[in-house]
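K.L.:
Below is a structure I'd like to ask you about.
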Amino acid sequence: MIVKKIAIFQGFSDIHTLKEMIFPEGKIEDFCPVFYDIETTGLSRYSTFLYLIGAVKYEAGEWHLCQWMAEKEEEEPLLLTSFSDFLKGCSHTIQYNGDRFDQPYLEARYKVRNLSSPFPGLSSIDLYKKLKPLSFLLKLARTKQKDLEEFLELENRAYCDGKECIRIYRSYLHKKETDAVQILMGHNEEDLMGLGRLIPMLGYLCLYQGNYRLKSFSWEEGRILTILSLPYSLPKVISNGNEEFYLTAQNKEARLSISAKNGRLRLYYENYKDYSYLPSEDTAISKSLSRFMDKKLYVPATPDTCYTWFSCSEEFLSDSSRQEQYIRRVLPHLLSALKI
1 MIVKKIAIFQ GFSDIHTLKE MIFPEGKIED FCPVFYDIET TGLSRYSTFL YLIGAVKYEA
61 GEWHLCQWMA EKEEEEPLLL TSFSDFLKGC SHTIQYNGDR FDQPYLEARY KVRNLSSPFP
121 GLSSIDLYKK LKPLSFLLKL ARTKQKDLEE FLELENRAYC DGKECIRIYR SYLHKKETDA
181 VQILMGHNEE DLMGLGRLIP MLGYLCLYQG NYRLKSFSWE EGRILTILSL PYSLPKVISN
241 GNEEFYLTAQ NKEARLSISA KNGRLRLYYE NYKDYSYLPS EDTAISKSLS RFMDKKLYVP
301 ATPDTCYTWF SCSEEFLSDS SRQEQYIRRV LPHLLSALKI
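Residue 199 in UniProt numbering sits at position 199 of the sequence shown; the count goes up by one each step and never skips.
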């Protein structure tokens, strides 16, 4: 088995920022995460095997990257036990699409090799699941790790893709080419470093979570104009919107414009299944009221039609508390309505 361990001095957020970005509600105390990525000879958990694991952990005030590569199939148990030892004392694993592939694959290989799984008691943080909701906001047709790296305009990768790595590894099993080890470990290291560089993208989720401060709120030419102060600097400038609103965000600030209709604004409701929509009046009402109406007058409300209207009065424009409540309530609905 080939083992490689190096210190990482850039590419990963400091441990405290990482904790805050993943758990903005701040309800977790012990946080000792491990980033990991695996390389296998195929997708099937039982007819292929694991040949390389790469992992990154915070130790003694800095990030360390460790890789274990099997020089033959019979060394797979060594990889699995080494990874189990590496995970001891950790609280979370962080991967990309790991809930769907990496962890189930590893669980199966531990079972095949009659080894105890290290995953019980460990919480999984799948960055794919975390970041996929941003696809419409960021205008991304696909959300593979490579797509997000391209969005961030990270430098081009130097090594081949995972599919080509399988061919190279199969050749290595017979010929033991030394350059193959560099290619295979290099590809895995690029995947791991990519995970670290995706973390700043969690900053965009602040807009959905309400994790911001209302810096200014004004009325101008039939529109609400607001500036939001964000807790983290965004990795890239973004802009998006539709006929109802427009949002731009960069660094630690977002600017939001919301159009009014005849001096009125929409107020959205989350529990849309409890409402009916009246097309003729362009408003939603509770089902407890619509059940007394002619069924031809209403349809079931959807997330996009579950709203009522309120006047953008002087009283509202002078009440900062109501303004902030309004923005926190309406912005998630506006963002969810975006399309590519």
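Ideal Cβ placement from N, Cα and C applies to all residues, glycine included.
Would the stretch 259-278 count as touching the stretch 225-234 if we require 3 or more Cβ pairs under 8 Å?
P.N.:
no
K.L.:
Can at least three beta-carbon pairs, one atom from the stretch 85-95 and one from the stretch 15-35, be found at a separation below 8 Å?
P.N.:
yes
K.L.:
Please say whether I38 and D102 have beta carbons closer to each other than 7 Å?
P.N.:
Here the question's residue 102 lines up with position 102 in the sequence shown. Here the question's residue 38 lines up with position 38 in the sequence shown. Yes, the pair counts as a contact, with Cβ atoms nearer than the cut-off.
K.L.:
Determine the DSSP secondary structure at S288, reduced to helix, strand or coil.
P.N.:
Locating residue 288 in the sequence shown gives position 288, counting from the first residue. In the structure shown, S288 sits in a helix (DSSP, three-state: H, G or I).
K.L.:
Could you check whether T41 and Y168 sit closer than 7 Å to each other, using their CB atoms as the reference points?
P.N.:
If you number the sequence shown from 1, residue 168 lands on position 168. If you number the sequence shown from 1, residue 41 lands on position 41. Inspection of the sequence shows that residue 168 is occupied by Ile rather than by Tyr. No, Cβ-Cβ distance for I168 and T41 is not below 7 Å.
K.L.:
Kindly confirm or deny that the stretch 187-194 and the stretch 53-60 touch, where touching means at least three C-beta pairs closer than 8 Å.
P.N.:
Enough Cβ pairs lie closer than 8 Å, so yes.
K.L.:
Let me check one thing: in DSSP terms, what residues is N240 bridge-paired to?
P.N.:
The sequence position of residue 240 within the sequence shown is 240, counting from 1. According to DSSP, which records beta bridges pairwise, N240 is partnered with L247.
K.L.:
Can you check the stretch 44-108 for any alpha helix (DSSP H) of at least 4 residues that lies completely inside it and give the ranges in chain order?
P.N.:
76-87
K.L.:
Helix, strand or coil, according to DSSP, for R170 in the structure here?
P.N.:
Sequence index remark: in the sequence shown, residue 170 carries index 170 (1-based). R170 falls in the helix class under three-state DSSP.
K.L.:
With a CB to CB cut of under 6 Å and the five nearest residues on each side skipped, what residues in its chain are close to G203?
P.N.:
Counted from its first residue, the sequence shown places residue 203 at position 203. Same-chain partners within the cutoff: Y232 and L234.
K.L.:
If you compare alpha carbons, which of A249, A254 and A260 is closest to E243?
P.N.:
Along the sequence shown, one-based indexing puts residue 243 at 243. Looking at the Cα atoms, A260 is the closest of the given residues.
K.L.:
Mapping the DSSP letters down to three states, classify Y307 as helix, strand or coil.
P.N.:
Position 307 of the sequence shown, counting from 1, holds the residue named residue 307. Looking at Y307 - three-state DSSP - the assignment turns out to be strand.
K.L.:
Using DSSP bridges, identify the partner residues of S216.
P.N.:
For this step, residue 216 is matched to residue 216 along the sequence shown. I227.
K.L.:
Use the C-beta contact count for R197: other C-beta atoms within 10 angstroms, 16 or more gives buried, fewer gives exposed.
P.N.:
Your numbering for residue 197 matches position 197 in the sequence shown. With 16 or more Cβ atoms within 10 Å of its Cβ, R197 is classed as buried.
K.L.:
According to DSSP, simplified to helix, strand and coil, what is E270?
P.N.:
Within the sequence shown, numbered from 1, the residue matching residue 270 stands at position 270. In the three-state DSSP reduction, E270 falls in the coil class, being neither helix nor strand.
K.L.:
Spatial neighbours of G222 within its chain, please: C-beta separation below 8 Å, excluding the five flanking residues on both sides.
P.N.:
For the purposes of this step, residue 222 is taken as residue 222 along the sequence shown, with counting starting at 1. S259, A260 and G263, listed in sequence order.
K.L.:
Between the Cα of L331 and the Cα atoms of H174, D147, F245 and R157, which residue gives the shortest distance?
P.N.:
Position 331 of the sequence shown, counted from the start, is the residue given in the question as residue 331. Nearest option by C-alpha distance: F245.
K.L.:
Go ahead and label Q209 buried or exposed: buried means 16 or more other beta carbons lie within 10 angstroms of its beta carbon, across all protein chains shown.
P.N.:
Counting from 1 along the sequence shown, the entry for residue 209 is found at position 209. The residue is exposed, with fewer than 16 neighbouring Cβ atoms inside 10 Å.
K.L.:
Inspect the beta-carbon positions of residue 400 and Y272 and report whether they are closer than 7 Å.
P.N.:
Any question about residue 400 goes unanswered here, given that the chain covers just 1 to 340.
K.L.:
So who's on the other strand from R255, going by DSSP bridges?
P.N.:
Here residue 255 refers to the residue found at position 255 of the sequence shown. Answer by DSSP bridge pairing, in chain order: I227 and T248.
K.L.:
Which residue from L79, R170 and L335 puts its Cα closest to that of I238?
P.N.:
Looking up residue 238 in the sequence shown gives position 238. Its Cα nearest to that of I238, the residue L335 stands out among L79, R170 and L335.
K.L.:
Whole angstroms is fine: what's the gap from T248's alpha carbon to Y46's?
P.N.:
In the sequence shown, residue 248 corresponds to position 248, counting from 1. In the sequence shown, residue 46 corresponds to position 46, counting from 1. Their Cα atoms are separated by approximately 48 Å.
K.L.:
Please state the DSSP three-state secondary structure of R328.
P.N.:
Taking the first residue of the sequence shown as 1, we reach residue 328 at position 328. Correct three-state label for R328: helix.
K.L.:
Any contact between the stretch 119-129 and the stretch 59-76? By contact I mean 3 or more CB pairs, one from each, below 8 Å.
P.N.:
At 8 Å Cβ cutoff, the stretches do not touch.
K.L.:
From the DSSP secondary-structure annotation, give me the bridge partner or partners of P33.
P.N.:
Numbered from its first residue, the sequence shown carries residue 33 at position 33. P33 pairs with H92.
K.L.:
For the stretch 300-315 and the stretch 280-288, state whether three or more C-beta atom pairs, one from each stretch, are separated by less than 8 Å.
P.N.:
yes
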